[in-house]
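*Asks:*
2 protein chains.
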Amino acid sequence: MRPVAVLGIGQTKIDEQWDKSLREIGGEAIFAALADAGIDKADALFVGNMLSPLISGQNQLGTFFSDWAGMWHKEAVKVEAACASGAAAFRAALMAVAAGEVDVAIALGVEKMTDKAGHDITAALATAADADYEVEQGVSFVGLNALVMRRYMYEFGWKHADFAPFSINAHANALHNPFARLRDRITLEQFEKSSMVATPINLLDASPVGDGAAAVILVPAEKLSARPGKPRVLVAGSASATDSIAVHSRRDPLFLSAAYQSARRAYQMAGIGPQELDLFELHDAFSIMSALSLEACGFAERGQGVRLGLENEIQISGRIPICTRGGLKARGHPVGATGMYQIVEVIQQLRGECGATQVTGARLGMAQNIGGSGATILTHILKLD
Amino acid sequence: MRPVAVLGIGQTKIDEQWDKSLREIGGEAIFAALADAGIDKADALFVGNMLSPLISGQNQLGTFFSDWAGMWHKEAVKVEAACASGAAAFRAALMAVAAGEVDVAIALGVEKMTDKAGHDITAALATAADADYEVEQGVSFVGLNALVMRRYMYEFGWKHADFAPFSINAHANALHNPFARLRDRITLEQFEKSSMVATPINLLDASPVGDGAAAVILVPAEKLSARPGKPRVLVAGSASATDSIAVHSRRDPLFLSAAYQSARRAYQMAGIGPQELDLFELHDAFSIMSALSLEACGFAERGQGVRLGLENEIQISGRIPICTRGGLKARGHPVGATGMYQIVEVIQQLRGECGATQVTGARLGMAQNIGGSGATILTHILKLD
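Line by line, the protein sequences give chains A and B.
Going left to right, the first sequence walks through residues 125 to 509 as our numbering numbers them.
Going left to right, the second sequence walks through residues 125 to 509 as our numbering numbers them.
This is the structure:
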C-alpha cells in the first residue's frame, strides 16, 4: 500500500435540517472539503450511507452525489455497513488511493433521518440488526443495547449513575463545537432523572439522530507537501473486523471482539499501542458502548471501562480524551455519516483547530465506528506528520 | 496495483426462490465459490446488493453474510450502485487485493426480490432513478428506458422488430445454462406479439427479475499457480464511470458516456481494443441497452448497434458474442447480483466450461454492468493467462 494523506475536510451542522434535501446536505460537506483542499474536483467519490433507500427513496448515492458535485465520468459508489457506513466509505477511498488506482478520492458520510416520524426511524434503524432472528422477535435497536447494558451492570456491579460521566463529558465538549446538535451542559442530576427509553437506557444515555454530512479528501502522501497553516495528516492505521450480526450469537456479548480485532490490526499497521494515542473518538451511540469500546481497545480491563469516566480520565486533560467534539451523544448521530464526523474531528485535533477542547500537542488520534450492536467495527488511526 | 487472479467461482440458479431466505441464497454462492477454490474461508467479503433494506428489512449485508460463512473477525462490507452493485463489489474486492491489504477476497452479488408484490418491486427499483426529479414525476424505471428506446427508434429509423435478435439470441443461449431463469426458445413472431409493458418496451424486450447470487474469489496472481483442469484467469482491466443520475440531465440520452468512459479505461488498463475481445457480457436489462452498450464500447457506430443483431454478429459464432449464458434477458436479472453473474460467466467462458455455448478459444472477455439508466457503469476485462 502506498502511504495516504489528508488533503481536505468538511462537515455540516447536525440538526433537523428540514429545509435542506439529502442532496444539499451531502453537497455542503463535499464542497466544504473541496474548498479546504483548495481543489474543485476529485477522481472518485465513496459515499457512506445507511438509510436513504428507506427514508428518502433514493439509492445509488455514489452517482447521486458525484452528479451533484459535477464529477461526471468519475468513479462513484456507495458503501453500507449500518452505523459504520461512514468509516467503511473512508476505508474504500483509502484502498483505491493505496492501490494506486485513484489519486484524489473523496470519502463522504451522509444521512438525512428526520424527515420521517420517530417510529419509522426506529424501524429503519432496526435493519442493522438481524431481521430473521432479532427484529422478528420485536426487539428494537435501543432494546438490544439495553439488554447488553443491563447484563454489564449485573456482571460487573455498576449502577446506572456510574455511566453519567460519559454523557456529561460529551455534552461539555460539544459546547465548543459549532457543528454539534446538542450544545448544552448536563448535570449528574439531569442524567439520573432523564426519561427512560429502554431500561436501563434513558434519554441521556442515548445519542440523538440527526441530518448531517462530513467528508475527507485523500491523496497519495508523496504528492502532498505541507501547506502553510495546514499540517500534514497521514492515515497511519486502518482495519475493519466483524462479529456475528446477532448479539445472542456471541460467545460473550459484553466483549466487542470486532473492536478488539480491528484496533489490534490498526495499532499494528501504525506501529503503536493504545498508550501512545492522544485522543480517541469512540462510538458512544449509547453510554454502554463507551465502556465496551475503551475495554476492547486496551484502555481498561474487562468490566472497568466505566472507571475511566468516574476518574476523569476521558476529559480533554485526561489520560485518553474521548468525544472531544461532543461524540455521538452530543455532536449527534446521523448514522451513516457518523464515522466520517469522527475522522474529521480527529484530523481537526491533529491540525490544532479545536479551540477550547483542543488536546494539547495531539499527534496521534484514533476513530472507531460501530455498525449494529458491535457487528461491524472499523478503526482508523491518523497521525501528524 | 499488484496483479489479481481468480481462485474460484460460484452461482445459484435464478428463480423465484420462495423456499430459501436471503441468507441461504447468498450462502449458496459463497460456499460454491469456496468449494471451487478449494478453500474454506477468506480474508474479506465484499457484498453487492441493492434492495435488501427495502425487500427484506435487512441492512449490513457484509457482516450478515460473513457471519453466515463463519468468517468472524474478518473484514466485510456492502457496496451499492443500483443494478451495478455486483460489479461494484467485485471492484471493491479487487482494490483491497490490489492494494496488498487482503490476500483472499470474496466478491458476492446477491438479491432476493420476489418475496414482494410486483408494484412493490417496481417502487423499489425506482430508487435507482432520481427521487426528486424523475420518480417524483411518476415515471417508473422501465418507463425511463422506454422513453430512451422510443427516441432511439425515432432518431435512427429502426422499428421495434429490429431489436428482436437481442432477445432471441439471449433465450437461445440460456437453453444451455442450468442457472438461467428462462430456458425457452423464442421466435420473432412471439417477440412481436408479446404484451406491452411501457411502449415500445414489451415483455420480451425486458429482463425478468429473480432471486439469485453469484460469487468470485480473488487472490494476488503471484500466489496462484495454474491448477489441473482450472486454467488461470486474471483481471486484466477494471474501471468505473458515472454520468448524471437523471436521464434528462444528459447532453445526449442516446449515448452511454459512462459506458464509453469505463470501457475506454478498462481497454487501456488491459492494453487491448474492442476488436480483441472474444465475448462481451453486456447489461441487456432492456433490448435498447444492448444496442447502446455495443455502440459505446466500440462495436458499432452511433445508432447502428441494432445492426449487429440483425447481421448475426452477436451469436456464439459471430464477431462479438454477447449474453452467451442468456444475459439479463433470459438468465435473469436479480439486480444487485447481475454484475457478479456476468463476471462468473466470462470466467466460465475463459475456462472453457460453457458446453453448447462455448466461444471457441476464448482468451479475452468483457463484462459490463449498468446501474440506473446509464448512471453508474463498471467494465471488467478478464483474460486467460
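Even glycine gets a Cβ: it sits at the ideal position worked out from N, Cα and C.
#1: What's the C-alpha gap between L434/A and D367/A?
#2: Counting only beta-carbon separations shorter than 7 Å, does M219/B have a partner in chain A?
#3: Which residues of chain A have a Cβ atom closer than 8 Å to the Cβ of W196/B, listed in chain order?
#4: Using C-beta distances below 6 Å, list every residue in its chain close to K453/B, excluding the 5 sequence neighbours before and after it, in chain order.
#5: List the residues of chain A whose Cβ lies closer than 7 Å to the Cβ of P177/B, in chain order.
#6: According to DSSP, simplified to helix, strand and coil, what is T366/A?
#7: Ordered along the chain, which non-local residues of its own chain (more than five positions away) have a Cβ less than 6 Å from that of Y384/B?
#8: Against chain A, which members of the stretch 222-234 of chain B pass a CB distance test of less than 7 Å?
#9: So, does the stretch 142-152 of chain B touch the stretch 353-364 of chain B, judging by three or more C-beta pairs under 8 Å?
#10: Using the beta-carbon count (16 or more within 10 Å), is N301/B buried or exposed?
#11: Which bits of chain A does G181/B rub up against, with CB to CB less than 7 Å?
#12: Per DSSP, which residues does V201/B bridge with? Please list them.
#13: Would the stretch 209-229 of chain A count as touching the stretch 165-177 of chain A if we require 3 or more Cβ pairs under 8 Å?
#14: Just to confirm, is the Cβ distance from A231/A to G450/A under 7 Å?
#15: Between the stretch 133-163 of chain A and chain B, which residues of the former have a C-beta closer than 8 Å to a C-beta of the latter?
#16: For A415/A, collect the residues of the same chain with a Cβ closer than 6 Å to its Cβ; drop the 5 residues on either side in sequence, then sort them by chain order.
#17: Could you work out which residue in V459/B, S190/B, A350/B is closest to D167/B when comparing CA atoms only?
#18: Using a Cβ-Cβ cut-off of less than 8 Å, list which residues of the stretch 490-509 of chain B approach chain A; keep chain order.
#19: Whose C-beta lies closer than 6 Å to the C-beta of A337/B among residues of the same chain, with five residues either side of it excluded?
#20: Residues in its own chain within less than 8 Å of D402/B by CB, not counting five upstream and five downstream?
#21: From the DSSP output, read off the bridge partner residues of P344/A.
#22: Output the boundary residues of the alpha helix (DSSP H) element that contains T462/A.
#23: Check whether the Cβ of D329/B lies closer than 7 Å to any Cβ atom in chain A.
#24: So Q492/A is in the alpha helix (DSSP H); what residue range does that whole segment cover?
#25: Here's a check: name, in chain order, each residue in its chain whose Cβ is nearer than 6 Å to the Cβ of N183/A, leaving out the five neighbours to either side.
#26: With DSSP collapsed to three states, give me the class of Q184/B.
#27: Against chain A, with Cβ distances strictly below 7 Å, would S264/B count as a contact?
#28: Please determine, among L508/A, Y276/A, K240/A, A255/A, the residue with the shortest C-alpha to C-alpha distance to A345/A.
#29: Whose C-beta lies closer than 6 Å to the C-beta of T238/A among residues of the same chain, with five residues either side of it excluded?
#30: Is K202/A close to chain B? Criterion is C-beta to C-beta, closer than 7 Å.
#31: Give the straight-line distance between the Cα atoms of F155/A and A205/B, rounded to the nearest whole angstrom.
#32: Is the beta carbon of G132/B sitting closer than 7 Å to the one on I325/B?
#33: Could you spell out the range, first to last residue, of the beta strand (DSSP E) harbouring T246/A?
#34: To which residues does DSSP link F410/A through a beta bridge?
#35: Report the three-state DSSP secondary structure of K100/B (helix, strand or coil).
#36: In its own chain, which residues sit with a C-beta less than 6 Å from the C-beta of A363/A, not counting the 5 before and 5 after it?
*Replies:* In this structure, then:
#1: Taking the first sequence and counting its residues from 1, one reaches residue 434/A at position 310. Taking the first sequence and counting its residues from 1, one reaches residue 367/A at position 243. Going by the C-alpha atoms only, they are around 29 Å apart.
#2: Working through the second sequence from its first residue, we reach residue 219/B at position 95. Chain A, which has a Cβ nearer than 7 Å to the Cβ of M219/B, makes this yes.
#3: Indexing the second sequence from 1 puts residue 196/B at position 72. Within chain A, the residues near W196/B are T366, D367, S368, S381.
#4: Translated into positions along the second sequence, residue 453/B becomes position 329. Within the same chain, K453/B has close Cβ partners S291, A294, S331, D408.
#5: Position 53 of the second sequence, counting from 1, holds the residue named residue 177/B. Those within 7 Å of P177/B in chain A are P177, L178, T251.
#6: In the first sequence, residue 366/A corresponds to position 242, counting from 1. If DSSP states are grouped into helix, strand and coil, T366/A belongs with the strands.
#7: Taking the second sequence and counting its residues from 1, one reaches residue 384/B at position 260. Counting only Cβ-Cβ distances below 6 Å, and skipping sequence neighbours, we find A420.
#8: A222, A223, G224, E225
#9: no
#10: As a working note, residue 301/B is residue 177 in the second sequence. So N301/B ends up on the buried side.
#11: Translated into positions along the second sequence, residue 181/B becomes position 57. Result: T251, A255, V259.
#12: The residue labelled residue 201/B in the question sits at position 77 within the second sequence. The partner list for V201/B (beta bridge, DSSP) reads F170/B.
#13: yes
#14: Residue mapping note: residue 231/A aligns to position 107 of the first sequence, counting from 1. Residue mapping note: residue 450/A aligns to position 326 of the first sequence, counting from 1. Not in contact: A231/A and G450/A (Cβ atoms no closer than 7 Å).
#15: S145, R147
#16: Against the first sequence, residue 415/A aligns to sequence position 291. Cβ within range, chain order: G429, V430.
#17: What you label residue 167/B is simply residue 43 of the second sequence in a count that begins at 1. Considering only alpha carbons, the answer is S190/B.
#18: G495, G496, A499, T500
#19: For the purposes of this step, residue 337/B is taken as the residue at position 213 of the second sequence. Here the set comprises T136, I149, G150, A153, V234, A461.
#20: Start at 1 with the first residue of the second sequence, and residue 402/B comes out as number 278. Same-chain partners within the cutoff: P445, Q473, V483, G485, A486, R487, L488, G489.
#21: Here residue 344/A is taken as the residue at index 220 of the first sequence, counted from 1. According to DSSP, which records beta bridges pairwise, P344/A is partnered with V128/A.
#22: Position 338 of the first sequence, counting from 1, holds the residue named residue 462/A. 459-475 is the span of the alpha helix (DSSP H), which, as asked, contains T462/A.
#23: Here residue 329/B is taken as the residue at index 205 of the second sequence, counted from 1. Closer than 7 Å: no.
#24: For the purposes of this step, residue 492/A is taken as residue 368 along the first sequence, with counting starting at 1. That residue, Q492/A, is in no alpha helix (DSSP H); its beta strand (DSSP E) goes 488-495.
#25: For this step, residue 183/A is matched to residue 59 along the first sequence. The residues are P177.
#26: Start at 1 with the first residue of the second sequence, and residue 184/B comes out as number 60. It is coil, neither helix nor strand.
#27: By 1-based counting over the second sequence, the position of residue 264/B is 140. Output row for S264/B: interface = no.
#28: For this step, residue 345/A is matched to residue 221 along the first sequence. The option with the nearest alpha carbon to A345/A is L508/A.
#29: Locating residue 238/A in the first sequence gives position 114, where the first residue counts as 1. E140, D335.
#30: Against the first sequence, residue 202/A aligns to sequence position 78. With 7 Å as the cut-off, K202/A counts as an interface residue toward chain B.
#31: Residue numbering aside, residue 155/A sits at position 31 when the first sequence is read from its first letter. Residue numbering aside, residue 205/B sits at position 81 when the second sequence is read from its first letter. In a straight line, the C-alpha of F155/A is about 22 Å away from that of A205/B.
#32: Numbered from its first residue, the second sequence carries residue 132/B at position 8. Numbered from its first residue, the second sequence carries residue 325/B at position 201. Their beta carbons are not under 7 Å apart, which means G132/B does not touch I325/B by this criterion.
#33: Position 122 of the first sequence, counted from the start, is the residue given in the question as residue 246/A. Looking at the DSSP string, T246/A is not in any beta strand (DSSP E); the run it does join, the alpha helix (DSSP H), is 242-249.
#34: Counting from one through the first sequence, the residue named residue 410/A turns up at place 286. Bridge partners of F410/A: A330/A.
#35: Residue 100/B is absent from the model: chain B starts at 125 and stops at 509.
#36: Position 239 of the first sequence holds residue 363/A. S386, R389, A390, T503, listed in sequence order.
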